[in-house]
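*Asks:* Just passing along the structure, written as structure tokens.
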Amino acid sequence: MARLVIPTSSTNGHLATATASDRPADNYSDRLVKYLPAESVAFYAGIDKLVASHFGIDSTVASTTPAPAGALLWAALFFVIGLVGTPIYLYRRKLPNQPWAMNVIIATVAFPLWAYTLGGSLFVITGWYSVFVAGLLAPLFTFIAGWFEPAAQ
3 MARLVIPTSS TNGHLATATA SDRPADNYSD RLVKYLPAES VAFYAGIDKL
53 VASHFGIDST VASTTPAPAG ALLWAALFFV IGLVGTPIYL YRRKLPNQPW
103 AMNVIIATVA FPLWAYTLGG SLFVITGWYS VFVAGLLAPL FTFIAGWFEP
153 AAQ
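Just so we're on the same page, our numbering is the position in the sequence shown counted from 1, plus 2.
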């Protein structure tokens, strides 16, 4: 399975070669899975939990003491790496003749939403985290993102 979404109008029914034009088009559920930047979110979730554990940051309770300055630095650094790394990773995973722009735009917007939903340290430290908002944003965005199909190249 190709990592990026295959548009309907670029298919010709053959699966033998490694180009986007030789693969079947992705349906709505395939697009939902492929638009989620799972690799970037997994990277961020793992590293962010290490940062949270090291600095004692808990997203389930309101913090009464400010987090150390190092916590904000590390949390922001790993968030930026995930955000910048998402389009780079997807570019390196694309097949010849595969549309890239829409995949990258949707995945790059999805990354911070999913990082927020996971209770990322950056959002907890800055006081921006809300369980209610987190429960709405990423699932709603992901549901809507599946409606978009990239144009064939």
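Backbone N, C-alpha and C define an ideal beta-carbon position, used for all residues, glycine too.
1) Just to confirm my understanding: we take Ala-18, look at its own chain, exclude 5 residues before and 5 after, and list those with CB closer than 6 Å. What are they?
2) Using the C-alpha atoms, what's the distance from Phe-113 back to Gly-148?
3) If I measure Cβ to Cβ from Leu-139 and keep anything under 8 Å in the same chain, skipping five residues before and after, which residues do I get?
4) With distance defined between alpha-carbon atoms, name the residue in Pro-68, Val-35 and Gly-87 nearest to Pro-197.
5) Can you list the alpha helix (DSSP H) stretches of 4 or more residues lying completely in the stretch 23 to 48, in chain order?
6) Locate the alpha helix (DSSP H) running through Pro-114, then write down its first and last residues.
7) Can you give me the C-alpha to C-alpha distance between Val-7 and Val-135, rounded to a whole angstrom?
8) Does the beta-carbon of Ala-54 have 16 or more other beta-carbons within 10 angstroms, so that it is buried, or is it exposed?
9) For Lys-96, name the three-state secondary structure that DSSP assigns.
10) Just verifying my parser: in three-state terms, what is the DSSP assignment at Ser-132?
11) Considering only residues of the same chain and omitting the five flanking positions on each side of Ala-109, which have a CB-CB separation below 7 Å?
12) Using only the alpha-carbon positions, how far apart do Lys-51 and Ser-123 sit?
*Replies:* By the coordinates alone:
1) With a pLDDT of 41 at Ala-18, under the threshold of 50, the predicted position of this residue should be treated as unreliable, though the coordinate-derived value follows. Once the five neighbours on either side are set aside, Ala-18 has no close Cβ partner at all.
2) 15 Å
3) Answer for Leu-139: Leu-115, Tyr-118 and Thr-119, listed in chain order.
4) Limits of the chain in this structure are 3 at one end and 155 at the other, which puts residue 197 out of reach.
5) 30 to 37
6) 103 to 119
7) 28 Å
8) By the neighbour-count definition (other C-beta atoms within 10 Å, threshold 16), Ala-54 is a buried residue.
9) coil
10) When secondary structure is reduced to three states using DSSP, Ser-132 falls in the coil class, being assigned neither helix nor strand.
11) Tyr-37, Pro-39, Thr-88 and Leu-92
12) Between the C-alpha atoms of Lys-51 and Ser-123 there is a straight-line separation of about 8 Å.
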